[in-house]
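Only one structure is covered here, and it is reproduced in the block below.
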Amino acid sequence: MLAVLTGSDYTGEIKAQLGGMKPSTPVILCGDGTYLYAELIGEFPALSIYVLAEDALARGVTLSAEYLIDYRDWVALSHKFYPWVLL
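Read in order, the letters of the sequence shown are residues 7 to 93 in the working numbering.
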């Protein structure tokens, strides 16, 4: 499974869904979801949380390069982890 979070609304439902995911589940933050990186990595350190680099740059979100991915990385993750879940 691959989880994708596109918005900055962090509801109880999304929190519950993330809390129920296996630690190996990758989560991609894109669009306004990039703003949630610091909060999510603190709350769910076992999840593999990535941020789309293009969206982070556009929104002024700075983080370590190890957490940034490009579209090629996203495609690779989507082939390895199926299905997608849009949060």
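Backbone N, C-alpha and C define an ideal beta-carbon position, used for all residues, glycine too. Since the structure is predicted, the reported quantities are computational estimates derived from the model, not experimental observations.
**Prompt:** Thinking C-beta only, is residue 29 closer than 7 angstroms to residue 83?
**Reply:** By 1-based counting over the sequence shown, the position of residue 83 is 77. By 1-based counting over the sequence shown, the position of residue 29 is 23. It is not a contact, given that the beta carbons lie outside the stated cut-off.
**Message:** Rounded to whole angstroms, what is the Cα-Cα separation between residue 52 and residue 12?
**Reply:** Taking the sequence shown and counting its residues from 1, one reaches residue 52 at position 46. Taking the sequence shown and counting its residues from 1, one reaches residue 12 at position 6. Cα to Cα, residue 52 sits roughly 20 angstroms from residue 12.
**Request:** Evaluate contact between the region 14-22 and the region 77-92, counting only Cβ atoms and requiring at least three cross-stretch pairs below 8 angstroms.
**Result:** No contact exists between the region 14-22 and the region 77-92.
**Message:** Applying the 10 Å Cβ sphere with the 16-neighbour rule, what's the burial state of residue 39?
**Reply:** As a position in the sequence shown, residue 39 is number 33, starting the count at 1. Residue 39 comes out buried.
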